[in-house]
Amino acid sequence: MKRLIFVLVLVTSSFFIYNCNNVKKEVIKKPTVVEPKISKDSLLKLGMPERITNQYIQIRKTKKNQDKSFYIVDTKENLIFLFDKTGKFVAKSPTIDGFDKQNSKYEKEALKSWENHTNDIGFKWSDILEKYIDTTGRNRVYSPRFVFSYLYNTKYKFFPKGIYVITEKEHRDDYIGKNDNIYFLKTLSNSDLTLTVAIHGLYKSEYRIKNMNRQLSLINNDFKDINVSKKYTEEIKNNDNNSTYNNSFGCINVPEKFLEITNRYSLNSLVFVMGENNDYLIK
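Take a look at the structure:
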């Protein structure tokens with residue numbers, strides 16, 4: 000009797016194994032996601048300006064620094080665009096930027112730090128007194144107006160073509176924006192000196208605010224819309240040789256809403272400042 004039971008168990012086991020080996024497993028294949036190819040033509044059809052588009056295509060062709068969000072700044076057409084690290088468009092904005100046109104002759108001076116400019120006009124920081132002292136013997140009391148007055152009479156008031164990185168941000172009351180409203184920049188080579196030029200909220204000047212409102216009414220107030228209207232482009236071209244929209248000491252002034260959208264992307268983002276002449280691409 001015991002022997003018979005043993006045989007039955009073996010037969011049953013064999014049957015089970017046979018059935019398991021012959022059951023066909025259904026393989027569920029995941030659909031292949033094909034990312035849409037971004038081309039110059041597709042971007043132009045969406046309304047992205049040609050100069051910005053050409054710079055964007057150039058950046059995405061380069062494998063270096065593909066892990067960072069990046070801004071493209073065009074001081075010729077008073078525009079700033081932000082893209083995330085995948086190259087996806089985030090936001091755009093009109094800008095008010097430098098009084099002077101880019102000039103390679105003065106690039107070194109344009110990139111000097113505030114400290115350097117202050118030293119140039121005869122003030123030096125004293126760690127002991129914790130303030131600037133006059134080194135000219137004229138006993139002047141330091142004020143930023145001395146630096147601005149000096150810069151106003153130079154040809155340095157522009158943002159030189161190149162690649163920069165945002166290293167710090169903070170809030171200052173003289174610019175619009177409730178939270179961090181100034182993004183400090185260094186050259187990509189990570190110079191020890193923070194540059195005078197920066198991206199910041201619109202300076203609280205009645206003249207700049209009035210002109211920015213004019214720009215916003217023309218460009219398309221939706222910051223998350225990639226399109227830049229032809230009316231805006233024409234307005235900028237028609238005012239290329241005056242200070243209507245070129246009214247800063249080199250910094251990029253932007254509206255508060257643009258700061259709100261871009262703030263979380265800003266630290267360590269790259270900033271590509273395009274050239275203003277025919278050789279405008281950064282390669």
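If you use numbering that gives the first Met the number 0, the sequence shown corresponds to residues 0 to 282, in order. All C-beta atoms, glycine included, are put in the ideal place defined by N, C-alpha and C.
**Request:** Could you pull out every residue in the same chain whose Cβ sits closer than 6 Å to the Cβ of Pro35, ignoring the five residues on either side in sequence?
**Result:** Interpretation of Pro35 is limited by its pLDDT of 49, a score under 50 that renders its predicted location unreliable; no figure is taken from the coordinates.
**Nearest to Glu233 (by Cα), restricted to the options Asp221, Leu217, Ser242, Asn226** = Considering only alpha carbons, the answer is Leu217.
**Item:** Neighbourhood of Arg144 by C-beta, 6 Å cutoff - its chain only, sequence neighbours within 5 removed
**Value:** Only residues of its own chain outside the window of five on either side were considered, and among them none has a CB closer than 6 Å to the CB of Arg144.
**Message:** Just to confirm my understanding: we take Arg139, look at its own chain, exclude 5 residues before and 5 after, and list those with CB closer than 8 Å. What are they?
**Reply:** Cβ-Cβ distances below 8 Å link Arg139 to Gly121, Phe122, Asp133, Phe145 in the same chain, with the five nearest sequence neighbours on each side left out; the list follows chain order.
**Beta-bridge pairing of Trp124 - partner residues as DSSP gives them** = Trp124 is bridged to Tyr131.
**Prompt:** Where in the segment 126 to 195 do unbroken runs of the alpha helix (DSSP H), each at least 4 residues long, occur, reported from the N-terminal end onward?
**Reply:** 143 to 151
**Request:** Assign Ile58 to one of three DSSP states: helix, strand, or coil.
**Result:** helix
**Request:** Return the chain-ordered list of same chain residues with a C-beta closer than 7 Å to the C-beta of Phe266, the five sequence neighbours on each side being excluded.
**Result:** Per the sequence shown, residue 266 should be read as Leu rather than Phe. Taken in chain order, the residues that qualify are Ile165, Lys168.
**Item:** Three-state secondary structure (DSSP) of Val84
**Value:** Looking at the sequence provided, one finds Lys at residue 84 rather than Val. Of the three classes helix, strand and coil, the one that applies to Lys84 here is coil, per DSSP.
**Close-in-space but distant-in-sequence residues of the same chain around Thr135 (CB under 8 Å, 5 per side omitted)** = Gly121
**Asked** Taking the C-alpha atoms as reference points, what is the distance between Lys130 and Thr117?
**Response** 12 Å
**Request:** Give me the Cα-Cα distance between Phe271 and Asn53, rounded to the nearest whole angstrom.
**Result:** 12 Å
**Message:** Cutting at 6 Å between CB atoms, please list the residues of its own chain near Pro30, excluding the five before and the five after it.
**Reply:** Bear in mind that the predicted position of Pro30 carries a pLDDT of just 48, short of 50, making it too unreliable to give a figure here.
**Item:** Pairwise C-alpha distance: Val72 and Ile181
**Value:** When rounded, the distance between both Cα atoms is 16 Å.
**Asked** What's the gap between the Cα of Asp173 and the Cα of Lys203?
**Response** 6 Å
**Rounded C-alpha distance that separates Ser268 from Phe98** = 25 Å
**Prompt:** To the nearest angstrom, how far is it from the Cα of Leu78 to the Cα of Asp119?
**Reply:** 32 Å
**Prompt:** Smallest Cα separation from Gly255: which of Ile58, Asp40, Leu215?
**Reply:** Per the sequence shown, the amino acid found at residue 255 is Glu instead of Gly. Glu255 has its Cα closest to that of Leu215, out of Ile58, Asp40, Leu215.
**Prompt:** From Asn240 to Asn262, what does the alpha carbon distance come to, in whole angstroms?
**Reply:** 32 Å
**Message:** Checking 7 Å against the spacing of the C-beta atoms, do Lys104 and Phe248 come in under that value?
**Reply:** no
**Asked** Where does Lys282 sit, in a helix, a strand or coil, going by DSSP?
**Response** coil
**Request:** Select from His199, Asp126, Lys177 the residue whose C-alpha is nearest the C-alpha of Phe183.
**Result:** His199
**Prompt:** Are the CB atoms of Ile299 and Asn252 nearer to each other than 7 Å?
**Reply:** As displayed, the chain neither begins before 0 nor continues past 282, which places residue 299 out of reach and without an answer.
**Message:** Considering only their Cβ atoms, is the gap separating Glu76 from Leu235 smaller than 7 Å?
**Reply:** It should be noted that the sequence gives Ile, not Leu, for residue 235. Going by C-beta atoms, Ile235 is nearer than 7 Å to Glu76.
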